[in-house]
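Colleague:
Residue numbers (my numbering), protein chains in the order written: chain D, 1 to 252; chain G, 1001 to 1481.
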């Protein structure tokens, strides 16, 4: 069997001295789609930030291997270049920075890391236009300043566009479905499905069954109080939708 | 810790223009007195009226005090310890670039302005290169002359076009204007002269490259631009200086006269040596720049990107005298380590329906301090004057300072004046977002800062804008970590 993409062993972490991840274990293999479901405030987004290296969190125990490398020893940009992508719940606006320019910097950073020549503007635009078209993102939007004045749906599509350009080994989708109407949800899900193959993996953080009806998960984890309380197949998510989190959290 | 060491190394290496050219220089003894001024004037074979003007300025200067109102603190300049003239010694007066000293040309090549190449590169930019105090070579002069455009060093202009120089010199910045301007008037050694005749639009962008080379010399250049009715010119100015431990003084004057329906765009990328990380060395940049929009519908636009100098004291200003005239000021100032900058503009509305716009972007990092100081002045007859000012400050780290001092003086009820100001820090969220997409911390800061400056950068001519964007990234290297 091939090496896992992500292997989290006994991970514990604090933010501002408050323990927020407690002895977490999770292994994600190539080709797998994992869903992480849990109540508000359970620390799902925190987990995504710790994995991607956002400052402000302290890992107090355990280890995380990413494609055979010690993830926690890498800088945030190295983690990104090595193939870890986070589609953010609230992508931040960067005034004055044109979207296409930002995306070009991102793709060239990754190419540089991989030892490939950087793309010039013409080569890049050719790739960008193809990928953008699939997500129904027009040329006008690519000229706007990144995430400045974007609607919720536009921001989410922009995250998926970046994912499709960067082709990560592991993409974490943090509430990629929140605030989307049915059409936009389908667009996002189709985009993600198109990228998924046997060599990469997805970790989908969500509250709802909706997205999982469009992107089929192999494994569903229920996450509460800083660790995984139960794992199963998609039926677990359906059961959860009926009975709520309370059953699982109390049963512990 | 290895990371810290690397950042320090970057800082030490970052001023790539810090080389000294080994050329014999013809300098006058240090110190300032009437004899020195007579000597400078004699060396330049100047007419009597100019010598007398210099001497009047000198005597006035003796009565003046160095200004102290700016938010700047630095060791005062010992004006008697400076040499006021340094000319590279050349065997004979150059007839063309082929006659120019090879070492000198090499210097320009290191700076990235290969004059020879530029001449071949059919009509991009005409460069008047000022090396220390004397203008060395002016390219494209012949092509410009066909259109009646005069572009030469001011010394040559004094010889070849004395009437024009005498008419306009000191007409925008009189020698009594301020301490540094007065000093410059007494001792200025060279600079550029531009005259655009009536109805002529300059087909190329004119450019001057300044560089301070000799040790212990002040650079006192003086630029005079006259745009006659219905004319247009875009002028670029770039500056560098070698890395030296002692402070070098730069006290320049730029005067611009704009007549009816004429337009002048003046762009500066200033990258004088900023001193080292402890604030040792670096250029004192005390500059007076002013444009007079004398004609109706005339327009002046200042764009500056200031990343260098240890201390900057500079307020490019617009006198909007002609009805419907327009003044614009776009500025990016970056200070890092122990740099200090007190910079801004003055918009003096005199004519009716005059309009002005101020866009100022200040970025402070390290232990630097920066002040935006601006004046919007609306006179009693300036009916329907309008001003829009926007001053944004961006702080990197928690040890730098940023201050905004906007003065407004309005004596006309019909004026509409708007002022917006913001102060922000680069947010951790923005940094993390960029890094999550694979950009290093420094690339991320460069991108965010360039975005912050966009409104100014887009006013720069294309080739300048690219250089300026790179300069911003270099200037902020090691600003976090």
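Idealized CB from N, CA, C, for every residue including glycine.
1. Would you kindly work out how many angstroms separate the C-alpha atoms of residue 68 of chain D and residue 74 of chain D, rounded to a whole number?
2. Among all the DSSP beta bridges, which residues are the ones paired with residue 1406 of chain G?
3. Under a three-way DSSP split, which group does residue 1185 of chain G fall into?
4. Residues of chain G with a CB under 7 Å from the CB of residue 216 of chain D: which are they?
5. Can you tell me which of the three DSSP states residue 1143 of chain G falls into?
6. So what's residue 1079 of chain G in DSSP terms, helix, strand or just coil?
7. Closer than 8 Å between beta carbons: that is the criterion. Which residues of the region 109–126 of chain D meet it against chain G?
8. Taking the beta strand (DSSP E) that residue 1424 of chain G falls in, what are its first and last residues?
9. Return the residue from the list G/1353, G/1351, G/1363 that minimises the CA-CA distance to residue 1308 of chain G.
10. List the DSSP bridge partners of residue 1392 of chain G.
11. Please list the residues of the region 1408–1438 of chain G that have a C-beta atom closer than 8 Å to any C-beta atom in chain D, keeping them in chain order.
12. For residue 1405 of chain G and chain D, any beta-carbon pair shorter than 8 Å?
13. Which runs of the alpha helix (DSSP H) spanning at least 4 residues fall entirely within the region 1429–1454 of chain G, listed in chain order?
14. Rounded to the nearest angstrom, what separates residue 1264 of chain G and residue 91 of chain D at their Cα positions?
15. Going by the beta-carbon positions, is the gap between residue 1267 of chain G and residue 1224 of chain G smaller than 8 Å?
16. Skipping 5 residues on each side, what residues in its chain have a beta carbon closer than 6 Å to that of residue 1455 of chain G?
17. Using DSSP with H/G/I as helix, E/B as strand and the rest coil, what is residue 51 of chain D?
18. Is the region 1282–1295 of chain G touching the region 1197–1207 of chain G, taking contact as three or more C-beta pairs under 8 Å?
19. Rounded to whole angstroms, what's the CA-CA distance from residue 1041 of chain G to residue 1085 of chain G? Just pull it up for me.
20. Quick check on DSSP: helix, strand or coil for residue 239 of chain D?
21. With three or more beta-carbon pairs closer than 8 Å as the criterion, would you say the region 180–195 of chain D touches the region 156–165 of chain D?
22. Give me, in chain order, the residues of the same chain whose beta-carbon lies closer than 6 Å to that of residue 1343 of chain G; leave out the 5 immediate sequence neighbours on both sides.
23. Is residue 1440 of chain G close to chain D, meaning its C-beta is less than 8 Å from at least one C-beta of that chain?
24. To test your reading of the DSSP string, which unbroken alpha helix (DSSP H) runs of 4 or more residues are found completely within the region 98–125 of chain D?
25. Specify, as a first and last residue, the run of the alpha helix (DSSP H) that residue 262 of chain D falls within.
26. Looking only at its chain, what residues have a beta carbon closer than 6 Å to the beta carbon of residue 1356 of chain G, apart from the 5 residues adjacent to it on each side?
27. Determine, using beta carbons only, whether residue 1179 of chain G and residue 1064 of chain G come nearer to each other than 8 Å.
28. Verify the CB distance criterion: does residue 77 of chain D have a CB-CB separation below 8 Å to chain G?
29. Which full runs of the beta strand (DSSP E) of 3+ residues lie inside the region 1309–1369 of chain G, going along the chain?
30. What does the alpha-carbon distance come out to for the pair residue 58 of chain D and residue 1300 of chain G?
31. To which residues does DSSP link residue 1400 of chain G through a beta bridge?
32. Chain G beta carbons: is any one of them nearer than 8 Å to that of residue 192 of chain D?
33. Any chance the region 1401–1420 of chain G sits against the region 1376–1383 of chain G, with 3 or more Cβ pairs inside 8 Å?
34. For residue 89 of chain D, return the contacting residues in chain G, with the cut-off set at a CB-CB distance below 8 Å.
35. Just grab the DSSP bridge partners of residue 1232 of chain G for me.
36. Cutting at 8 Å between CB atoms, please list the residues of its own chain near residue 1158 of chain G, excluding the five before and the five after it.
Modeller: For this structure:
1. Taking the straight line from one Cα to the other gives about 12 Å.
2. According to DSSP, residue 1406 of chain G bridges with G/1374.
3. Collapsing the DSSP output to three states places residue 1185 of chain G in a helix.
4. Identification of chain G residues near residue 216 of chain D by a Cβ-Cβ cut-off of 7 Å yields none; the smallest Cβ-Cβ distance measures about 26 Å.
5. Here residue 1143 of chain G sits in helix by DSSP.
6. Residue state for residue 1079 of chain G is assigned as helix, using DSSP reduced to three classes.
7. Correct list: 109, 110, 113.
8. Annotation: the continuous beta strand (DSSP E) that includes residue 1424 of chain G extends over 1416–1425.
9. Looking at the Cα atoms, G/1363 is the closest of the given residues.
10. G/1361, G/1422, per the DSSP bridge assignment.
11. Cβ contacts with chain D come from 1427, 1428, 1429, 1430, 1432, 1433, 1434, 1435, 1436, 1437, 1438.
12. Closer than 8 Å: no.
13. Every alpha helix (DSSP H) of 4 residues or more that sits fully in the region 1429–1454 of chain G is shown, in chain order, as 1441–1452.
14. Answer to the nearest angstrom: the Cα atoms are 42 Å apart.
15. Going by C-beta atoms, residue 1267 of chain G is not nearer than 8 Å to residue 1224 of chain G.
16. The residues 1359, in chain order, have a CB closer than 6 Å to that of residue 1455 of chain G in the same chain once the five nearest residues on each side in sequence are set aside.
17. Residue state, collapsed to three classes: helix.
18. The region 1282–1295 of chain G is not in contact with the region 1197–1207 of chain G.
19. Going from the Cα of residue 1041 of chain G to the Cα of residue 1085 of chain G covers about 10 Å.
20. Three-state result, residue 239 of chain D: helix.
21. In this structure the region 180–195 of chain D touches the region 156–165 of chain D; the number of beta carbon pairs closer than 8 Å is three or more.
22. Excluding five sequence positions before and after residue 1343 of chain G, the CB atoms of its chain that fall closer than 6 Å to its own CB belong to 1312, 1314, 1333, given in chain order.
23. For residue 1440 of chain G, the answer is yes, since a Cβ of chain D falls inside 8 Å of its Cβ.
24. You should have 99–113.
25. The shown model of chain D, from 1 to 252, leaves out residue 262 of chain D, and the question about it has no answer.
26. The residues are 1327, 1347, 1387.
27. The beta carbons of residue 1179 of chain G and residue 1064 of chain G sit closer together than 8 Å.
28. When Cβ-Cβ separations below 8 Å define contact, residue 77 of chain D makes contact with chain G.
29. DSSP runs (the beta strand (DSSP E)) wholly in the region 1309–1369 of chain G: 1311–1314, 1317–1320, 1326–1335, 1340–1349, 1355–1364.
30. One C-alpha to the other measures close to 55 Å.
31. Answer is none; residue 1400 of chain G lacks a bridge partner.
32. Between residue 192 of chain D and chain G, the shortest Cβ-Cβ separation is not below 8 Å.
33. Contact between the region 1401–1420 of chain G and the region 1376–1383 of chain G is present, because at least three Cβ pairs lie under 8 Å.
34. Those do not exist, as residue 89 of chain D stays about 12 Å from chain G at its closest Cβ, beyond 8 Å.
35. Among the bridge pairs identified by DSSP, residue 1232 of chain G is matched with G/1201, G/1263.
36. Closer than 8 Å at Cβ, skipping near neighbours: 1044, 1046, 1047, 1050, 1165.
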